[in-house]
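**Student:** Per this note's numbering, residue 27 is the first one in the sequence shown, and the count goes up by one each step.
Heads up, the beta-carbon is just placed ideally off N, CA and C, and yes, glycines get one too.
Mind having a look at this structure? Questions to follow.
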Amino acid sequence: MDGGNHSTVSEFLLLGLSSSWEIQILLCLFSTVFYVASVLGNLLIVLTITADHHLHSPMYFLLANLSFIDTGVSSIATPKMIYDLFRKRKVISLKGCITQMFFIHTVGGTEMVLLIVMAYDRYIAICKPLHYLTIMSLRMCLSLLAVAWAIRLIHSVAQLAFVVNLSFCGPNKMDSFYCDFPRFIKLACTDTYRLEFLVTANSGFISMGTFFILVVSYIFILVTVHKHSSGRSSKALSTLSAHITVVVFFFGPCIIVYVWPFPTLPIDKFLAIFDALITPFMNPIIYTFRNKEMKAAMRRL
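Next up, the structure:
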C-alpha cells in the first residue's frame, strides 16, 4: 500500500443469513410479510392521525413521527435483503455500504431521541396535566423533533468521519445482510483496534445512556401514577405500558449488539432482523390494539 488512502476494494460480498436455499425461501416469505405489514401499518397510523382532528394532540403528533421513522428503519436494509435472497452473489458497493450505515444510524438514532421526547410528553401529561397543552405546544413539539434529528445527524456524520477514508485491500466478505460499523471497520487494511473500540463504545454508550434515561423517566412516572387511583391513572398506565414495551423491543437488540463484548456471535443476525423487521411491525400493533382512540379513529377513517 502506498501513502494514499486508495481502496482496492470497491464492493463487499454479503454472506447473508443462510446458504440453504430452503431456509432462504422461508426467510423471503417471512421478511416480505413482515416488511409489507410494517410499512402499511405505520403509514396507516400516520394517515389516521393526520386525517382525524380528534387525534391532533402532542402525544399523537409524536406517535405519527415515530411511525414515520419506523417506516424508514424497516426500509433501509430490508428491501435489499429480500432482493439478495434471490441472488447467488450478494454484493454492495463501498459507497452503498457507507450510505446504508449513515441512514441506519441517523434514522435509528433519531428514534432513540424521539422515545425520550415521548417519555417527556407522558411526564408532562401525567405530572402537570393543567399545563400540558401550554408546555407541549406545537412549537415545542417541532423544536424537540428538530433537535432529535439534529443530534443524530451530527452523531452519524461524526461516525462516518472516522471510517470514510479507510483503505480496503481485501478480504471483502462481510458476515451479515447489511453494513454496519463494527464489521465494516474489521475489513480495513490498517490496524483498526482503537477505531473499533471508539465506534462501538460510542454507539454502545449512547444506546445504554438513552435506555438508562428512559428507564429512570418511566420509573418516576410510574411512581407518580401509583399515587393516584382515578380512571385517568388507569388510562395513563395503559399508555405507559405501551411505551415501555416499545422501548424494551427497540433497545434490547441495540444494547446486545453494541455493548456485548463478542460482536461476531450468530445471534447478531437474529437481533438485526428483530430491529429491522419485528420492532417496526410491533409498534403499530402496540399503539393501536391497546389504544381505544386510535381504533375509533381508524374505524372513522
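Between the C-alpha atoms of Y86 and L164, what's the straight-line distance to the nearest angstrom?
**Tutor:** Numbered from its first residue, the sequence shown carries residue 86 at position 60. Numbered from its first residue, the sequence shown carries residue 164 at position 138. Those two C-alpha atoms are separated by around 12 Å.
**Student:** Taking S93 and N68 to be in contact with their CB atoms under 8 Å, please state how far apart those CB atoms are, rounded to whole angstroms.
**Tutor:** As a first step, residue 93 is located in the sequence shown; it is residue number 67 there, counting from the start. As a first step, residue 68 is located in the sequence shown; it is residue number 42 there, counting from the start. Going by Cβ atoms, the distance from S93 to N68 rounds to 4 Å, so yes, they are a contact pair.
**Student:** Going by DSSP in three states, F237 sits in which element: helix, strand or coil?
**Tutor:** Numbered from its first residue, the sequence shown carries residue 237 at position 211. Helix.
**Student:** Where does S64 fall in DSSP's three states?
**Tutor:** Within the sequence shown, the letter at position 38 stands for residue 64. S64: helix per DSSP, three-state reduction.
**Student:** Return helix, strand or coil for K253, following the three-state DSSP convention.
**Tutor:** On the sequence shown, residue 253 is found 227 positions in, with the first residue counted as 1. Note: K253 maps to coil in three-state DSSP.
**Student:** Pair every Cβ in the segment 244-253 with every Cβ in the segment 135-150, then say whether three or more of these pairs are closer than 8 Å.
**Tutor:** Because the criterion of three Cβ pairs below 8 Å is met, the segment 244-253 and the segment 135-150 touch.
**Student:** Suppose the cutoff is 8 Å on Cβ atoms and the five residues either side in sequence are ignored; what does the same chain contact list for G30 look like?
**Tutor:** Working through the sequence shown from its first residue, we reach residue 30 at position 4. Its pLDDT being 43, under 50, G30 is placed unreliably by the model, and nothing is read from it.
**Student:** Just curious, the alpha helix (DSSP H) that V143 is in, first and last residue?
**Tutor:** Residue mapping note: residue 143 aligns to position 117 of the sequence shown, counting from 1. 120-153 is the span of the alpha helix (DSSP H), which, as asked, contains V143.
**Student:** Do you know how far the Cα of N309 is from the Cα of R316?
**Tutor:** Locating residue 316 in the sequence shown gives position 290, counting from the first residue. Locating residue 309 in the sequence shown gives position 283, counting from the first residue. When rounded, the distance between both Cα atoms is 11 Å.
**Student:** Strictly by DSSP, which residues pair up with L40?
**Tutor:** Indexing the sequence shown from 1 puts residue 40 at position 14. For L40, which the question treats as bridged, DSSP gives the partners M200.
**Student:** Given this structure, state the Cα-to-Cα distance separating L327 from L81, to the nearest angstrom.
**Tutor:** Numbered from its first residue, the sequence shown carries residue 327 at position 301. Numbered from its first residue, the sequence shown carries residue 81 at position 55. Those two C-alpha atoms are separated by around 12 Å.
**Student:** Please state whether the Cβ-Cβ distance between E137 and I95 is less than 9 Å.
**Tutor:** Sequence index remark: in the sequence shown, residue 137 carries index 111 (1-based). Sequence index remark: in the sequence shown, residue 95 carries index 69 (1-based). Yes, they are a contact pair.
**Student:** Could you say if the segment 212-219 and the segment 191-199 meet the contact criterion of at least three C-beta pairs nearer than 8 Å?
**Tutor:** Yes, since at least three Cβ pairs between the segment 212-219 and the segment 191-199 fall closer than 8 Å, the two stretches touch.
**Student:** With a cut-off of 9 Å, does the C-beta of G134 fall near any C-beta of chain C?
**Tutor:** Here chain C cannot be found, since the structure has a single protein chain.
**Student:** What's the C-alpha gap between N91 and I161?
**Tutor:** If you number the sequence shown from 1, residue 91 lands on position 65. If you number the sequence shown from 1, residue 161 lands on position 135. Rounded to the nearest angstrom, the two C-alpha atoms are 19 Å apart.
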